[in-house]
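Residue numbers (my numbering): 216 to 463.
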């Protein structure tokens, strides 16, 4: 019988990434560019949701193409370097459909970012390709601050929190002030991201708080510090008319 490749969990040298490793430098750079542009485009995005989608699509294109231009990144067609079993399955299906799929290699290390070429159009995506119509949104719901603000609008309980930018992270007095105002234990996490990467929980001391900020900052230029939400509380809101559920 032919041998069947079994799913596997990619080992990571970073315990804070767990089974979903990302390149720290690239992730930080991506978040820095995204948040920097958002500052200047906040008002236009508010009145033009389409601009948000276009921005989300163009940031990786600009970033990857620029890195490739300066020989800092390249695109590989070697399917054996796929980061996860899931990505390999998607890649195999793309090949069956005649879609050219390539993986982004950053400083010699494969990322979980890919470029697919179909109908002479290049599509960039992370881990899973999502149909464009499902990316239409009036807000960046992956931003934890924006999502919490939406919860508040619907009178949904959320833990007290602070958003941390590069400036507030470097300001030690500000860190101490935030720590004193939050009820312990505290959770520190990247402001944008998923799968619990670089999320530090059960923080009770100022020293641990600073360490948590340093760890979360490895992959994101903007962080969020919040009080631990006691119990398993279900929260819900509507995102573009669709119920959104979260537990904490």
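Think of the CB as a built atom: it goes at the ideal place given N, C-alpha and C, for glycine as much as any other residue. Keep in mind that this is a model prediction, so the values were computed, not measured.
Discussion item. Buried or exposed, going by whether 16 or more other CB atoms sit within 10 Å of the CB of residue 313?
Written reply: Burial check for residue 313: the Cβ neighbour count within 10 Å stays below 16, so the residue is exposed.
Discussion item. Quick check: the Cα distance between residue 417 and residue 398, rounded to an integer number of angstroms?
Written reply: Distance between the alpha carbons of residue 417 and residue 398: 11 Å.
Practice prompt. Under 7 Å Cβ to Cβ from residue 229, same chain only, skipping five residues before and after it: list those, please.
Written response: Scanning its chain for C-beta atoms nearer than 7 Å, with the 5 sequence neighbours on each side dropped, one finds around residue 229 the residues 236, in chain order.
Discussion item. Please identify the residue among 378, 241 and 318 whose C-alpha is closest to the C-alpha of residue 331.
Written reply: Comparing alpha carbon positions, the residue from 378, 241 and 318 closest to residue 331 is 318.
Worksheet entry | Rounded straight-line distance, which links the Cα of residue 365 to that of residue 404 | So the two alpha carbons sit approximately 19 Å from each other.
Worksheet entry | DSSP three-state assignment for residue 296, whether helix, strand or coil | Reduced to three states, the DSSP call for residue 296 is helix.
Discussion item. Can you give me the C-alpha to C-alpha distance between residue 338 and residue 409, rounded to a whole angstrom?
Written reply: A straight-line Cα-Cα distance of about 21 Å links residue 338 and residue 409.
Fill in: Rounded separation between residue 300 and residue 395 - CA only
The alpha-carbon separation between residue 300 and residue 395 amounts to approximately 44 Å.
Worksheet entry | Distance between beta carbons of residue 441 and residue 402, contact taken as under 8 Å | Right, the Cβ-Cβ distance comes to about 5 Å (below 8 Å), so this counts as a contact.
Worksheet entry | Run of the alpha helix (DSSP H) containing residue 431, from where it starts to where it stops | In the DSSP assignment, residue 431 falls within the alpha helix (DSSP H) that extends over 421–431.
Practice prompt. Can you check DSSP and say which residues form a bridge with residue 377?
Written response: Bridge partners of residue 377 according to DSSP: 440.
Worksheet item: What residue does the beta strand (DSSP E) around residue 434 start on, and which one ends it?
Response: Residue 434 -> no beta strand (DSSP E), and no H or E assigned at all.
Discussion item. Let me confirm a value: residue 424 is counted as buried when at least 16 other C-beta atoms fall within 10 Å, else exposed. Which label applies?
Written reply: Around the Cβ of residue 424, a 10 Å sphere holds 16 or more other Cβ atoms; the residue is buried.
Discussion item. Tell me the DSSP secondary structure of residue 237 in three-state form.
Written reply: The answer is coil: DSSP assigns residue 237 none of H, G, I, E or B.
Fill in: Closest residue to residue 333 among 232, 302, 378 and 344 (Cα-Cα distance)
It is 344.
Fill in: Rounded straight-line distance, which links the Cα of residue 251 to that of residue 357
Straight through space, the alpha carbons of residue 251 and residue 357 are spaced by roughly 16 Å.
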